[in-house]
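Input: a single structure, listed below in C-alpha cells.
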RNA sequence: GCGGCUGUAGCUCAGCGGAUUAGAGCAUCGGUCUACGGAACCGAGGGUCGGGGGUUCGAAUCCCUCCAGCCGCACCA
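In the working numbering, the protein residues as written are 1169 to 1739.
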C-alpha cells in the first residue's frame, strides 16, 4: 500500500513540478490541518511571483479528490485535511497489511559495524550505546527490506595481548578460563596490567610474547584463541541478556584482517600515496592538520614495523566494499573517533576503495557522562559494568512487580522483569539524539514514570487488556471508522504516520525519531482512552474503537520491536 | 592554535525555515478516586531558545561572529 504521507507527497510533487521541476512541497504534519505543505513560498520566490497566486495555481493542478481538502492560508501555506472516508480506507489497508503499511524499500546491502567490545575487557556503559543503537538500526533496516550484515569489530589484537597471554600462563589455563567464563574480565585485565607496570621481568616477557603472537607462533596463537573464545562466549551472554541480535558469527575482529594489511600498505605505496615520516609509513589526506598546522598523517605502518589500527580499518573497509559489496557502511562508533574515521574514509577514497556510489557514514554518538556531567571512564576506575547495570534494573523491575501484586509465578515474573529492565535501559539510550553526550542516570532510566520504555510497554499492555476482554466478539475487517470523535481522529492520524517516522529514523540513522513518534502515539491513545469508552460503546462504535485499540497495539509493539524492546501483553 | 560536537523551562530532553501564548517528561503546587489496569489523566506556575550581528514577508531553526562546556589533533586501539 501507499502510505498517507507518500500519497500526499506524490500528488503535491506533481503539482509543484508542473511549475518548477523538482520543487519540494515541504510536506509535514500540522496543527493547522492534518498536514501542511510549506514549499509554496520558496517556489514563489524562485519564480519571482506572488506566493498566494502560486498557491492558487498549485491547488488548481492538485488532484486530491476524495483524499483531502486543501486550503490556502497565511502567506501561502497549503493546509490539507484528510477526508474521513480516505483516512478510514488507509486504516483498513493498514489493518490488512502485515507490515502496517510500510512499503518495502529497494533492497540495499547495509553493513553495520557496532558493539565492538575488547577481548578480555569488561563491557561498560560506553559499549551499551554502540550496541543498542547499532542493533536498533539493524532491526529497522531489516524491517524495510534491506539485507543487513552486522559486524562486531572486536578488539582482539595489539600490544595488550602480550601481557594478557603471559598472565594467562601465570594463572594456568584452567584458572584463567574459569575466571573469564564467569565474566570476571576486568579483574583479569587489571591483574595483567598491574603486573606489567610493576614487574619488569613480566613486562619483558609480555613484549616478547607480542612479537611471538604477531609472527604466528602456534602455541602463542593457541593461548590467544582461548582469550578470544572465552570473551566471545561472555559477550554472547550479555547480548542475550540485552536481547541484541548479534551472534558469534558476526564477530569479525581486528585480527581477521591481519593477512590483508601488507596488501593495503603495498597498494597504497603503488598508488603513490604512502609517505615515510618519522620512520612511520603514512598517508596524508588533505584537510587534516595537527597542532602546529602541519599536515596530519594517517599512520598505516608504525616505525616499529607494526600495523596501526588505521591499517586494519582500511583493510576492513576495502573488504566490505570490494568483496562483500556493501551498498551502505554504517560505523556506530563514539564521536571521539570522528577524526580518525574521517581520515580512514578519506584515504579509502584516495585509494579508490570507496567509490562515491557507496554510502559511508560515521553514526557517531556522544560520551557517557555521570550525573556530575563528567566523563565516565574505565581507566578512571569508575566505569559501570554493563551487566551490573542490567542486574540492578532487573532487581528494581522485579520489586515494582511484587509491589503491584502482579499475579505471576516466579519464573514469569523474572522474565517480565527482564523485559521491563531492557526497555528502561534501551529507551533511555535510544530516545535522545545520539550525538549528544548521554547523562547516565540509573535512577531516571529505571523509573517507570514519564517518557520511559516501561510507560510505552504499559500503554501497550492496557490496549491488549481491553482487547482480551472484548474477546472475539468483534471484527477488525468490519470496523466502520467513522472517526466522529476528535480523539479518534487524532489517534487515526497517528496510526497512519508510522512510515514517515521510520523513514526519517533510517535516513538520519536516528532511532530517537522513532521513539518520538511512538511516545506521541501513546499519548494520542491515552487521550482517546480517556475520552472514548470502548467496551461499553454502541455496537458499531465499539467495533471501530476496538479496531483502533488493535491497530495501536500492533503499531506500538512493532515500533518497540524495531528498537529491540519487547511489548508484553500483561505487566 | 586548528577541527568536531553541544549550549532550549529548576533537572532530563524534543522541536532544527514557518503561522496569534516555543513543546514533552521529571520535580513543585492544585485537581480526577464505584478505575474498559492510577506504572494513568486534567490543570497551574516556570523559558528574552548561550550573547551579538545578518539574510528573509517570517529564524530556536539558515549565515557570520563571540562566549562557555566536552572531545579529537603521529606511531594505544
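No residue lacks a Cβ here, since even glycine has one placed at the ideal position from N, Cα and C.
Check: According to DSSP, is residue 1421 helix, strand or coil?; Outcome: coil
Check: Mind pulling the alpha helix (DSSP H) runs of 4 or more residues that sit fully within the stretch 1177 to 1263?; Outcome: 1207 to 1215, 1219 to 1229, 1252 to 1263
Check: Compare the Cα-Cα distances from residue 1557 to each of 1616, 1640, 1590, 1714 and report the closest residue.; Outcome: 1590
Check: Could you give the first and the last residue of the continuous alpha helix (DSSP H) run that contains residue 1428?; Outcome: 1426 to 1438
Check: DSSP state of residue 1542, grouped into three classes?; Outcome: coil
Check: Would you grab the beta carbon distance between residue 1586 and residue 1576 for me? Rounded to a whole angstrom, and I think it's under 8 Å.; Outcome: No, residue 1586 and residue 1576 are not in contact; Cβ-Cβ is about 13 Å, not under 8 Å.
Check: Whose C-alpha, out of 1700, 1613, 1415, is nearest the C-alpha of residue 1561?; Outcome: 1613
Check: Quick check on this structure: which residue in 1343, 1245, 1249, 1240 has the alpha carbon closest to the alpha carbon of residue 1233?; Outcome: 1249
Check: Sort out for me which residues DSSP pairs residue 1281 with in a bridge.; Outcome: 1319, 1499
Check: Cutting at 7 Å between CB atoms, please list the residues of its own chain near residue 1489, excluding the five before and the five after it.; Outcome: 1521, 1522, 1526
Check: Given a cut-off of 7 Å on the beta-carbon distance, is the pair residue 1377 and residue 1334 in contact?; Outcome: yes
Check: Roughly how many angstroms separate the alpha carbons of residue 1192 and residue 1172, rounded to a whole number?; Outcome: 17 Å
Check: Grab me the residues of residue 1327's own chain with a C-beta within less than 7 Å of its C-beta, minus the 5 sequence neighbours each way, in chain order.; Outcome: 1378
Check: Does residue 1325 come out as helix, strand or coil in the three-state DSSP assignment?; Outcome: coil
Check: For the putative contact between residue 1300 and residue 1597, defined by C-beta atoms under 8 Å, what is the C-beta separation to the nearest angstrom?; Outcome: 5 Å
Check: Roughly how many angstroms separate the alpha carbons of residue 1678 and residue 1601, rounded to a whole number?; Outcome: 7 Å
Check: Mapping DSSP to helix, strand and coil, what is residue 1467?; Outcome: strand
Check: Just how far apart, CA to CA, sit residue 1372 and residue 1423?; Outcome: 23 Å
Check: Just to confirm, are residue 1433 and residue 1470 a CB contact at a threshold of 7 Å?; Outcome: no
Check: So residue 1302 and residue 1282 are supposed to be a Cβ contact under 8 Å. How far apart are they, rounded?; Outcome: 2 Å
Check: With a Cβ-Cβ cutoff of 7 Å, do residue 1705 and residue 1713 count as a contact?; Outcome: yes
Check: Just the C-alpha distance for residue 1169 and residue 1269, rounded to the nearest angstrom, thanks.; Outcome: 6 Å
Check: State the Cα-Cα distance for the pair residue 1353 and residue 1293, rounded to the nearest angstrom.; Outcome: 15 Å
Check: What residue range does the alpha helix (DSSP H) around residue 1529 cover?; Outcome: No alpha helix (DSSP H) contains residue 1529, which is instead part of the beta strand (DSSP E) from 1527 to 1533.
Check: Give a yes or no on contact between the stretch 1175 to 1183 and the stretch 1235 to 1245, applying the rule of three or more CB pairs nearer than 8 Å.; Outcome: yes
Check: Determine, using beta carbons only, whether residue 1360 and residue 1332 come nearer to each other than 7 Å.; Outcome: yes
Check: Assuming residue 1624 contacts residue 1728 under a Cβ cut-off of 8 Å, what Cβ separation, rounded to an integer in Å, is found between them?; Outcome: 6 Å
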